[in-house]
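J.: Mapping the sequence shown onto the numbering used here, position 37 (from 1) lands on 1164, and the numbers just tick up by one.
Think of the CB as a built atom: it goes at the ideal place given N, C-alpha and C, for glycine as much as any other residue.
What follows is a single structure, and I will ask about it in a moment.
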Amino acid sequence: MQLRVVLLSMSKLAVLFVLKLLKFYKIIISPLIGSNCRYQPTCSNYCEEAIIKHGLMKGLKLTLKRIMKCHPWGESGFDPVPDE
1128 MQLRVVLLSM
1138 SKLAVLFVLK
1148 LLKFYKIIIS
1158 PLIGSNCRYQ
1168 PTCSNYCEEA
1178 IIKHGLMKGL
1188 KLTLKRIMKC
1198 HPWGESGFDP
1208 VPDE
């Protein structure tokens, strides 16, 4: 039981850390490089929503798939986080 509590706490800390990194990116880095995202919501907003909705690992996996679709010959437009 004690190990489970420790693992849950570590998982929550990891999620908070990644969400803080995203906030840093949105506030500091994104304004410097400009808005170049081909999709709505933006990739950083997509990542945040995916992590909150699906957890850290699946959220990051979905975000990586989304970023890999983002290239000059790729699609653009509305691409929400899937519900499943």
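For G1201, which of helix, strand or coil comes out of DSSP?
T.: The residue labelled residue 1201 in the question sits at position 74 within the sequence shown. The answer is coil: DSSP assigns G1201 none of H, G, I, E or B.
J.: Looking at C-alpha atoms only, which residue of L1187, Y1173 and K1185 is the closest neighbour of F1205?
T.: One-based indexing of the sequence shown puts residue 1205 at position 78. Ranking the options by Cα distance to F1205, first place goes to Y1173.
J.: Using a Cβ-Cβ cutoff of less than 7 Å, which residues in the same chain neighbour E1175 once the five nearest sequence positions on both sides are dropped?
T.: Locating residue 1175 in the sequence shown gives position 48, where the first residue counts as 1. Contacts found: L1146 and L1149.
J.: Would you call the region 1189–1208 and the region 1151–1161 touching, i.e. three or more CB-CB distances under 8 Å?
T.: Output reads no: the region 1151–1161 does not touch the region 1189–1208.
J.: What residue ranges within the region 1160–1189 form continuous alpha helix (DSSP H) runs of no fewer than 4 residues, ordered along the chain?
T.: 1170–1181
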